[in-house]
Structures are given as C-alpha cells and as structure tokens.
Amino acid sequence: DGGITQSPKYLFRKEGQNVTLSCEQNLNHDAMYWYRQDPGQGLRLIYYSQIVNDFQKGDIAEGYSVSREKKESFPLTVTSAQKNPTAFYLCASSIQGTNEKLFFGSGTQLSVL
Amino acid sequence: RKEVEQDPGPFNVPEGATVAFNCTYSNSASQSFFWYRQDCRKEPKLLMSVYSSGNEDGRFTAQLNRASQYISLLIRDSKLSDSATYLCAVNPRGYQLIWGAGTKLIIKP
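For the protein sequence lines, the chains are A and B, in the order given.
The first sequence runs 65 to 177 under the working numbering.
The second sequence runs 28 to 136 under the working numbering.
Written out as structure tokens, the structure reads:
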C-alpha cells in the first residue's frame, strides 16, 4: 500500500547534537512538507519542497535543515542551533503542492535529554 | 489576532447528540478550507474539504461563511469513536496551509 513512512517514532537528543528524522513516501507525490506540532498550537511549517533538489523555508526554519535528493525522500535535520526542539514532528506530502489534500506520516516525537 | 482560530474545548457531548464547532480565519482572500481529524499523538487525517456550497459526508456537514470568515463542522448522531481533536486548515497564500490549534471533542457514553 502507498503511504508515508516516518522514522523513528521516538527520538531523544542530547545537548549540542544534530539528529535527523526520516520521511519516505511511495505515493509519487511531488510536494513534501515538514511540520512541527506543540501542545495547544496549530501545525507550523518548517520546510517544504515542491520538486526534487529544491525546497523553501516555512515559518519556523531556523535551526532546521532539509534535503530533497530523491522524490521519495525528504529528511529533516534538527541542528544544535534549535534550542527548543522538543515537539511532535509530522511529515506530509501532496500531489502538487497547491490547495490539496495532505497525506501525513505517523509522526516522530523528539525529546531532549 | 491569529490567522486561524479555534475554540480549544474540550467539548463534552453525550453519545447520540449533535455537536458543532467553528473555525475563524482572518484572511478574506483565503480560497481553500479543510477539516482534519487527529487522534492523540497520531497524524492528522483529512475529514472533509469545505466548499463554498457546503458539503456533507454521512453524519458530517461542513459549511463556509465567507461574510463572517468562518467554517463550521457539524456532527450528527455522535459516536464514541468521534472523540478526537478536529483541526481546521486554511490556505490564504499559495502553497502554505495555516492551521488552527484544534478543538478537542469528547463523546461520553
């Protein structure tokens, strides 16, 4: 079955450490997104990509980096510059990236040790 | 004022009742509107797109009020399985959806 796979489900980061969250989709979607969800807040866009080898910053890109070397993959790195990384991270995709239904992965809960 | 606002709830509703909640948006140029359902610590799943003419899917009805800039979701004959957080999402500018913080719904037996 087609879908989006995020891993790991739970991730712990030490101070000063970079960690990478994986997101893979086999839906043949062009657009992929990374969101952060904090308790009591709406989803906030970190980065998005509409095509391979291209991506744009969302509202809260500072302290994060992404790559889009393959259509299927859109990994997110949480760098040591992100001082408050504890959150639920959601990866999503859509067919083309405009006004369309989003398909989400099951999320990664990142916590700081 | 937030771009998209929802009453966080929780709405405690007896099974079988009808419940409705709204989502207000600030950008009058918004074109696309969606309701998503999210269970605790799971991913959001699309419940309904909201069209200008309104739309209905079984027990769920979504409406758009452009004049007052809100969308609504009505659930009839509520089931225990309807307990979840309902997120609204609005597209005011091209590629980026703006999300409400969600309304928590608890259906009680």
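No residue lacks a Cβ here, since even glycine has one placed at the ideal position from N, Cα and C.
Quick caveat, the model's predicted, so the values are computed rather than measured.
Interface with chain A (8 Å Cβ-Cβ cutoff): Trp126 (chain B) is included. DSSP, reduced to helix, strand and coil, places Ser108 (chain B) within a helical segment of the structure shown. The secondary-structure analysis by DSSP pairs Phe138 (chain A) with nothing; it has no beta-bridge partner. The shortest CA-to-CA distance from Gly104 (chain A) to any of A:Gly80, A:Ser175, A:Gln146 and A:Ala151 is the one to A:Ala151. For Arg68 (chain B), the residues of chain A that pass the 9 Å Cβ criterion are Phe152, Gly171 and Gln173, in the order they occur in the chain. Setting aside the 5 residues that flank it on each side, Leu75 (chain A) is surrounded in the same chain by Val83, Leu85, Thr172, Gln173, Leu174 and Ser175, each with a C-beta closer than 8 Å to its C-beta; the list follows chain order. By the C-beta criterion, the segment 106–115 of chain B is judged not to be in contact with the segment 86–99 of chain A, since fewer than 3 inter-stretch pairs fall below 8 Å. Contact fails between the segment 57–65 of chain B and the segment 40–47 of chain B, because fewer than three Cβ pairs, one in each stretch, are under 8 Å apart.
In the three-state reduction of the DSSP assignment, Thr69 (chain A) falls in the strand class, which pools E and B. Using a 10 angstroms sphere on the CB of Ile115 (chain A), the tally of other CB atoms stays under 16, which defines it as exposed. Chain A places no beta carbon closer than 8 Å to that of Leu91 (chain B), leaving this residue out of the contacts.
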